[in-house]
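Just so you know, the sequences run in chain order A and B. Sequential numbering from 40 applies to the first sequence in this note's numbering. Sequential numbering from 5 applies to the second sequence in this note's numbering. See below for the structure under consideration.
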Amino acid sequence: DAGVIQSPRHEVTEMGQEVTLRCKPISGHDYLFWYRQTMMRGLELLIYFNNNVPIDDSGMPEDRFSAKMPNASFSTLKIQPSEPRDSAVYFCASSKGWGPFNQPQHFGDGTRLSIL
Amino acid sequence: SQQGEEDPQALSIQEGENATMNCSYKTSINNLQWYRQNSGRGLVHLILIRSNEREKHSGRLRVTLDTSKKSSSLLITASRAADTASYFCATDVRGDDKIIFGKGTRLHILP
Numbered sequence: 040d041a042g043v044i045q046s047p048r049h050e051v052t053e054m055g056q057e058v059t060l061r062c063k064p065i066s067g068h069d070y071l072f073w074y075r076q077t078m079m080r081g082l083e084l085l086i087y088f089n090n091n092v093p094i095d096d097s098g099m100p101e102d103r104f105s106a107k108m109p110n111a112s113f114s115t116l117k118i119q120p121s122e123p124r125d126s127a128v129y130f131c132a133s134s135k136g137w138g139p140f141n142q143p144q145h146f147g148d149g150t151r152l153s154i155l
Numbered sequence: 005s006q007q008g009e010e011d012p013q014a015l016s017i018q019e020g021e022n023a024t025m026n027c028s029y030k031t032s033i034n035n036l037q038w039y040r041q042n043s044g045r046g047l048v049h050l051i052l053i054r055s056n057e058r059e060k061h062s063g064r065l066r067v068t069l070d071t072s073k074k075s076s077s078l079l080i081t082a083s084r085a086a087d088t089a090s091y092f093c094a095t096d097v098r099g100d101d102k103i104i105f106g107k108g109t110r111l112h113i114l115p
């Protein structure tokens with residue numbers, strides 16, 4: 040079975056540009072998570088969805104960040120406008136079960152984002 | 005210490021030796037998970053241990069949980085070169101609907 044698929048794997052863009060990260064979760068999984076990983080702050084949960092509905096977006100750093108899940112097989116994380124401090128690796132993960140954090144999460148290989 | 009803090013930050017051992025990593029946390033949890041991350045890849049789930057469990061095994065992995073000390077350990081026995089990776093603990097904080105990852109332990113297996 041295919042795992043969580045993220046695209047692009049790498050993104051380099053200039054400050055002020057809009058960035059869109061994409062994620063396809065594992066089929067049948069009802070939870071989808073977006074994380075950001077940096078050396079300074081480690082892995083941080085940004086937002087998670089249950090059955091395509093955003094449940095907790097308290098980790099989203101600023102209004103410049105937005106996430107959508109239009110259907111069960113696709114989610115986007117958008118940054119507009121982007122800033123150099125947004126440079127990080129962004130991970131998408133999905134899981135299936137009766138709660139968000141009491142079963143294994145399956146991670147994609149991430150998008151390495153560099154804002155110049 | 006912060007919630008989900010691993011110790012040591014880095015560990016180098018000879019192939020064949022056992023590797024032990026520790027995770028400490030501050031608040032009550034529902035469960036604790038261990039993940040592995042190879043360089044340039046996403047995290048891979050290893051073991052989930054619930055707050056009412058004390059020990060779990062999976063192959064060469066052994067995880068313990070001591071809720072009275074708010075700590076967990078991950079033991080990898082008979083280490084192999086392929087075990088070289090970063091290892092993270094993640095705590096499901098009780099009553100807070102949050103998952104918090106530690107900063108990880110970088111494990112390097114020497115040939």
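Note that CB positions come from ideal geometry on N, CA and C, so glycine has one too.
Beta-ladder partner(s) of residue i, from DSSP
i, result
"residue 68 of chain A", "None; residue 68 of chain A has no bridge partner."
"residue 11 of chain B", "B:26"
"residue 36 of chain B", "B:53, B:95"
"residue 56 of chain A", "In the DSSP output, where bridge partners are listed per residue, residue 56 of chain A has none listed."
"residue 61 of chain A", "A:46, A:115"
"residue 77 of chain A", "A:81"
"residue 95 of chain A", "A:87"
"residue 60 of chain B", "B:67"
"residue 4 of chain B", "A question about residue 4 of chain B goes unanswered here, because the residues of chain B that appear run from 5 up to 115."
"residue 150 of chain A", "A:129"
"residue 109 of chain B", "B:91"
Check whether residue i and residue j have beta carbons under 7 Å apart
i, j, result
"residue 110 of chain B", "residue 90 of chain B", "yes"
"residue 128 of chain A", "residue 45 of chain A", "no"
"residue 153 of chain A", "residue 144 of chain A", "no"
"residue 108 of chain A", "residue 91 of chain A", "yes"
"residue 81 of chain B", "residue 113 of chain B", "no"
"residue 51 of chain A", "residue 65 of chain A", "no"
"residue 54 of chain B", "residue 35 of chain B", "yes"
"residue 96 of chain A", "residue 86 of chain A", "yes"
"residue 124 of chain A", "residue 49 of chain A", "no"
"residue 17 of chain B", "residue 95 of chain B", "no"
"residue 38 of chain B", "residue 79 of chain B", "no"
"residue 130 of chain A", "residue 46 of chain B", "yes"
"residue 57 of chain A", "residue 142 of chain A", "no"
"residue 60 of chain A", "residue 105 of chain B", "no"
"residue 59 of chain B", "residue 68 of chain B", "yes"
"residue 122 of chain A", "residue 78 of chain A", "no"
"residue 116 of chain A", "residue 132 of chain A", "no"
"residue 28 of chain B", "residue 75 of chain B", "yes"
Limits of the unbroken beta strand (DSSP E) element including residue i
i, result
"residue 83 of chain A", "81-89"
"residue 155 of chain A", "No beta strand (DSSP E) holds residue 155 of chain A; DSSP gives it neither H nor E."
"residue 89 of chain B", "89-97"
"residue 76 of chain B", "75-80"
"residue 67 of chain B", "65-70"
"residue 42 of chain B", "That residue, residue 42 of chain B, is in no beta strand (DSSP E); it is neither H nor E in DSSP."
"residue 83 of chain B", "Counting along the chain, residue 83 of chain B falls outside any beta strand (DSSP E), and DSSP gives it neither H nor E."
"residue 107 of chain A", "104-110"
"residue 102 of chain B", "102-105"
What are the residues in the segment 75-109 of chain A lying within 7 Å of chain B by C-beta distance? Of all residues in the segment 75-109 of chain A, the ones placed with a Cβ closer than 7 Å to any Cβ belonging to chain B are 81, 82, 84, 95, in chain order.
For the segment 117-142 of chain A, list the beta strand (DSSP E) runs that are entirely contained and at least 3 residues long, ordered along the chain. Segments of the beta strand (DSSP E) lying fully in the segment 117-142 of chain A: 127-134.
**Item:** Where the segment 138-151 of chain A meets chain B: residues whose CB sits under 9 Å from a CB there
**Value:** Cβ contacts with chain B: 138, 139, 140, 141, 142, 143, 144, 145, 146, 147, 148, 149, 151.
Q. If you measure beta-carbon to beta-carbon, which residues of the segment 9-28 of chain B are closer than 7 Å to chain A?
A. Listed by position along the chain: nothing, the set is empty.
* Closer than 7 Å, Cβ to Cβ, to anything on chain A: give me those residues from the segment 49-68 of chain B, in chain order. => For chain A, the residues of the segment 49-68 of chain B that bring a beta carbon within less than 7 Å of one of its beta carbons are 49, 52, in chain order.
With 8 Å as the limit, tell me which residues of the segment 110-136 of chain A have their beta carbon closer than that to any beta carbon of chain B; keep them in chain order.
-> Correct list: 130, 132.
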